[in-house]
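Numbering (the numbering used here), first residue to last: 34 to 507. Note that CB positions come from ideal geometry on N, CA and C, so glycine has one too. Remember, it's a predicted structure, so these values are computed and weren't measured experimentally. Written out below as structure tokens is the structure these notes cover.
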Ligand code: GLN
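As structure tokens, then:
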């Protein structure tokens, strides 16, 4: 049984096609592993019955020699991505009873290709957090060391892939929520270029930054998932045409690739053990023929504050829809005002309230110019700095996070410490670029370290090539 769960996604697809294993067998094995690992708290909803029914259907199609790209493969979906008929809570009490009447476009795509939706993963409430400690359904424990966090906000998605409970998972990344948990759990996490993957059906956090992407065990799997997930979607007005016919056929030779190193990514915030592993990864690529060049992202020191101003402002307006009228809980009330007030007071957790208050503050008259407008201008500077850097290189390398997975409860007393975990991931979302985190070593008592590659817009292929250079999955 265990061997089955150690397969990569692409190995699993092959084994199913060759009938070496059935989808029902795989699905049962994943469900069993989820049950054994219950204390990790990776899932908010496990879809045992519907998954087994879907697996039977897949086995029928496979027996006829039919089936899509993911036929019969158990895949997990973050709980802020809408699934028809399956509760979608965003890890918030507010949506405890919410069952979407439709599938997100990415979920539709998974189902079209025959994937078996195994369950909905735990996360930070409304995707706000970096340790998966802000969930109304309890924290997630890191699979490798239960006293540590799995990262966030897609903590359940990263942890369940690391723990062999699913062959891939969907996450969302607004400021690092795919890449940082991927780094903490030792899996691969891809944040695609803004607009490459449809967000129709993703519960919006900060619409100018949000992207859906895959968490997988190998780079090859990430490319394969992108082949399923990238398509033009008329239901998402920001969705663009996909630019590559086949992401999976990315070249594996890094020779001649120019990789930029920005000094700003190696400052005081970076843990020594993490830095050493990143530098080893850089050396490895250099030894394989990549060329290392110095680049500069001057505006980097302003990126974190810019992110928290912009994302909180957008969150405040996106979360205004949760008023107790249309979705989720409706609190006791005497009039319309107390309906709004009580529903929001009872429904949202502390961090979500903090973001809404910050967001409304930076947007309010008198403060708008000093905060929101200023942050919007810095956003332009950050974009320009990346454009300039990419005149000299094909991709930029750096750490995904400043530390390895931290101890649960360590940072929550002073929440700005949690915000600092995002220092290396947020610039990518601000600039709308693609980036990948790939495991490159261990530090601090054996916890995984992730190296991050940042690419030019729509150049995911180069990211796959460089990430492959680190771990050789093809
Ligand atoms: N940790 C960041 C935040 O709390 C990023 C979250 C995300 O990417 N969804 O805002």
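Check: Going straight from the alpha carbon of residue 420 to that of residue 69, what length do you get?
Finding: One-based indexing of the chain shown puts residue 420 at position 387. One-based indexing of the chain shown puts residue 69 at position 36. Their Cα atoms are separated by approximately 48 Å.
Margin query: Please tell me whether residue 218 and residue 175 are closer than 8 Å, where the distance is taken between their beta carbons.
Written below: Here residue 218 refers to the residue found at position 185 of the chain shown. Here residue 175 refers to the residue found at position 142 of the chain shown. In contact: residue 218 and residue 175 (Cβ atoms closer than 8 Å).
Next item on the list: Might you give, ordered along the chain, the residues of its own chain that have their beta carbon closer than 8 Å to the beta carbon of residue 426, omitting 5 neighbours on each side?
Entry: Indexing the chain shown from 1 puts residue 426 at position 393. 291, 292, 293, 326, 328.
Notebook entry, point to check: For residue 282, does the three-state DSSP call read helix, strand or coil?
Noted result: Within the chain shown, numbered from 1, the residue matching residue 282 stands at position 249. It is helical.
Check: residue 161: beta carbon under 7 Å from a heavy atom of the ligand GLN?
Finding: On the chain shown, position 128 is the one that residue 161 refers to. It does: the Cβ of residue 161 is within 7 Å (strictly closer) of some heavy atom of the ligand GLN.
Margin query: Which runs of the beta strand (DSSP E) at least 3 residues long sit entirely within the segment 312-363? Give them in chain order.
Written below: 324-328
Checklist line | Of the listed residues 41, 161, 474, 489, nearest to residue 19 (C-alpha basis) | finding: Outside the shown range of the chain (34 to 507) lies residue 19, about which nothing can therefore be said.
Next item on the list: Return the chain-ordered list of same chain residues with a C-beta closer than 7 Å to the C-beta of residue 224, the five sequence neighbours on each side being excluded.
Entry: Mapped onto the chain shown, residue 224 falls at position 191. Result list for residue 224: 206, 211, 212, 244, 246, 461, 467, 468, in chain order.
Next item on the list: Going by DSSP, name the residue or residues bridged to residue 111.
Entry: Taking the chain shown and counting its residues from 1, the one referred to as residue 111 is at position 78. DSSP, once it has assigned bridges, lists 154 as partnering residue 111.
Margin query: For residue 206, list the residues DSSP reports as bridge partners.
Written below: In the chain shown, residue 206 corresponds to position 173, counting from 1. Paired residue(s): 244.
Margin query: Less than 8 Å between the C-beta atoms of residue 38 and residue 173, yes or no?
Written below: Taking the chain shown and counting its residues from 1, one reaches residue 38 at position 5. Taking the chain shown and counting its residues from 1, one reaches residue 173 at position 140. In this structure, residue 173 does not lie closer than 8 Å to residue 38 by Cβ.
Check: Are three or more beta carbon pairs between the segment 303-314 and the segment 475-484 nearer than 8 Å?
Finding: yes
Checklist line | Any non-hydrogen atom of the ligand GLN closer than 7 Å to residue 238 Cβ | finding: Position 205 of the chain shown, counted from the start, is the residue given in the question as residue 238. Flag set: Cβ of residue 238 near the ligand GLN.
Item checked: Beta-carbon proximity of residue 269 to residue 240, cut-off 8 Å -> One-based indexing of the chain shown puts residue 269 at position 236. One-based indexing of the chain shown puts residue 240 at position 207. For residue 269 and residue 240, no; Cβs fall outside 8 Å.
Item checked: Where residue 197 sits in the DSSP three-state scheme -> For this step, residue 197 is matched to residue 164 along the chain shown. The answer is coil: DSSP assigns residue 197 none of H, G, I, E or B.
Next item on the list: Return the residue from the list 112, 265, 422 that minimises the CA-CA distance to residue 278.
Entry: As a working note, residue 278 is residue 245 in the chain shown. Ranking the options by Cα distance to residue 278, first place goes to 265.
Notebook entry, point to check: Helix, strand or coil: how does DSSP classify residue 449 here?
Noted result: To locate residue 449, count along the chain shown from 1; it is residue 416. In this structure, residue 449 counts as helix in the three-state DSSP scheme.
Next item on the list: Please report how far the alpha carbon of residue 251 lies from the alpha carbon of residue 463, in whole angstroms.
Entry: The count along the chain shown starts at 1 and reaches residue 251 at position 218. The count along the chain shown starts at 1 and reaches residue 463 at position 430. Distance between the alpha carbons of residue 251 and residue 463 is about 26 Å.
Notebook entry, point to check: Beta carbon of residue 142, beta carbon of residue 77: below 8 Å?
Noted result: Locating residue 142 in the chain shown gives position 109, where the first residue counts as 1. Locating residue 77 in the chain shown gives position 44, where the first residue counts as 1. No, the pair does not count as a contact, with Cβ atoms beyond the cut-off.
Check: Any idea what DSSP makes of residue 470, helix, strand or coil?
Finding: Residue mapping note: residue 470 aligns to position 437 of the chain shown, counting from 1. Strand at residue 470.
Next item on the list: Kindly give me the distance between the Cβ atoms of residue 254 and residue 195, rounded to whole angstroms, as I take these residues to be in contact under 8 Å.
Entry: Reading the chain shown from its first residue, position 221 is the one you call residue 254. Reading the chain shown from its first residue, position 162 is the one you call residue 195. Actually they do not touch by this definition, with Cβ atoms about 13 Å apart.
Check: How big is the Cα-Cα spacing for residue 34 and residue 355?
Finding: The residue labelled residue 34 in the question sits at position 1 within the chain shown. The residue labelled residue 355 in the question sits at position 322 within the chain shown. With a pLDDT of 43 at residue 34, under the threshold of 50, the modelled position of this residue cannot be trusted; read the value that follows with caution. The straight-line gap from Cα to Cα measures roughly 44 Å.
Item checked: 7 Å Cβ shell around residue 284 - same chain, five flanking residues per side excluded -> Your numbering for residue 284 matches position 251 in the chain shown. The residues are 498.
Notebook entry, point to check: With which residues is residue 181 paired in a DSSP beta bridge?
Noted result: The count along the chain shown starts at 1 and reaches residue 181 at position 148. Its beta-bridge partners are 440.
Item checked: Spatial neighbours of residue 476 in its chain, beta-carbon cut-off 8 Å, leaving aside the 5 residues before and after -> To locate residue 476, count along the chain shown from 1; it is residue 443. The answer, listed in chain order, is 304, 306, 307, 309, 310, 437, 482.
Check: Per DSSP, which one or two residues make a beta bridge with residue 476?
Finding: Numbered from its first residue, the chain shown carries residue 476 at position 443. Note: residue 476 sits in a beta bridge opposite 480.
Check: Three or more C-beta pairs closer than 8 Å, one from the segment 443-451 and one from the segment 405-419: is that the case here?
Finding: no
Margin query: Tell me the rounded alpha-carbon separation between residue 431 and residue 493.
Written below: Here residue 431 is taken as the residue at index 398 of the chain shown, counted from 1. Here residue 493 is taken as the residue at index 460 of the chain shown, counted from 1. For residue 431 and residue 493, the distance between alpha carbons rounds to 16 Å.
Next item on the list: Take the Cβ of residue 455 as the centre, count every other Cβ of all protein chains shown within 10 Å, and call the residue buried at 16 or more, exposed below.
Entry: Stepping through the chain shown from its first residue, residue 455 is reached at position 422. The residue is buried, with at least 16 neighbouring Cβ atoms inside 10 Å.
Next item on the list: Return the CA-CA distance between residue 87 and residue 57, expressed in angstroms with no decimal places.
Entry: Walking along the chain shown from the start, residue 87 turns up at place 54. Walking along the chain shown from the start, residue 57 turns up at place 24. Each residue's alpha carbon lies about 9 Å from the other.
Check: Taking C-alpha atoms, which residue in 111, 130, 115 lies nearest to residue 248?
Finding: On the chain shown, residue 248 is found 215 positions in, with the first residue counted as 1. Of 111, 130, 115, the residue nearest in Cα terms is 111.
Item checked: Boundaries (first-last residue) of the beta strand (DSSP E) holding residue 67 -> Taking the chain shown and counting its residues from 1, one reaches residue 67 at position 34. Unbroken run through residue 67 is the alpha helix (DSSP H), 56-69; no beta strand (DSSP E).
Checklist line | Minimum C-alpha distance to residue 397 - residue among 368, 345, 418, 376 | finding: Start at 1 with the first residue of the chain shown, and residue 397 comes out as number 364. Nearest C-alpha to residue 397: 345.
Check: Taking C-alpha atoms, which residue in 183, 287, 263 lies nearest to residue 276?
Finding: Looking up residue 276 in the chain shown gives position 243. For the residues 183, 287, 263, the minimum Cα distance to residue 276 belongs to 263.
Notebook entry, point to check: With respect to the alpha helix (DSSP H) encompassing residue 380, which residues constitute its N-terminal and C-terminal limits?
Noted result: Sequence index remark: in the chain shown, residue 380 carries index 347 (1-based). From DSSP, the alpha helix (DSSP H) with residue 380 extends over 369-380.
Check: Does any heavy atom of the ligand GLN sit closer than 7 Å to the C-beta of residue 205?
Finding: Your numbering for residue 205 matches position 172 in the chain shown. It does: the Cβ of residue 205 is within 7 Å (strictly closer) of some heavy atom of the ligand GLN.
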